[in-house]
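One structure is given below, encoded as structure tokens.
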Amino acid sequence: MHSLGNLYAARLRRLAIGALLLAAPLAAVGQTSPFMTGASALQTNILAWLTPIAIILVMVLGAMAMANRMSWGWCLAAILGIAISFGAHK
1 MHSLGNLYAA
11 RLRRLAIGAL
21 LLAAPLAAVG
31 QTSPFMTGAS
41 ALQTNILAWL
51 TPIAIILVMV
61 LGAMAMANRM
71 SWGWCLAAIL
81 GIAISFGAHK
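Below, the structure is given as structure tokens:
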């Protein structure tokens, strides 16, 4: 026959195995893709570089418009480019 200590140890072992099996899917959910981490870091860096470039571009286009030296195609292309580059990450 089994002693009380052996029954307690067997129950504790089954409980520990059950807890590990229940916690295994939680560990899988917590992992993130290393590709997505790198891709989002790259996207953040590109947007950080594009922000001052877009500001300077708008300032140059404004100065060119004040001097009456600008084609409206350049203005529309700049607006479209800014909308594409800053609207894509959302």
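Per my numbering, residue 1 is the first one in the sequence shown, and the count goes up by one each step.
C-beta atoms are modelled at their ideal positions from N, C-alpha and C, and glycine is treated no differently.
Considering only their Cβ atoms, is the gap separating residue j from residue i smaller than 9 Å?
i	j	result
residue 78	residue 57	yes
residue 74	residue 64	yes
residue 54	residue 85	yes
residue 61	residue 70	yes
Can you name, in chain order, every residue of its own chain whose Cβ lies under 6 Å from the Cβ of residue i, other than the five neighbours on each side?
i	result
residue 6	none
residue 50	85
Could you pull out every residue in the same chain whose Cβ sits closer than 7 Å to the Cβ of residue i, ignoring the five residues on either side in sequence?
i	result
residue 87	none
residue 82	54
residue 15	none
Should residue i be flagged as near chain B, meaning a C-beta pair shorter than 9 Å?
i	result
residue 66	In summary, chain B is missing from the structure at hand, where a single protein chain is found.
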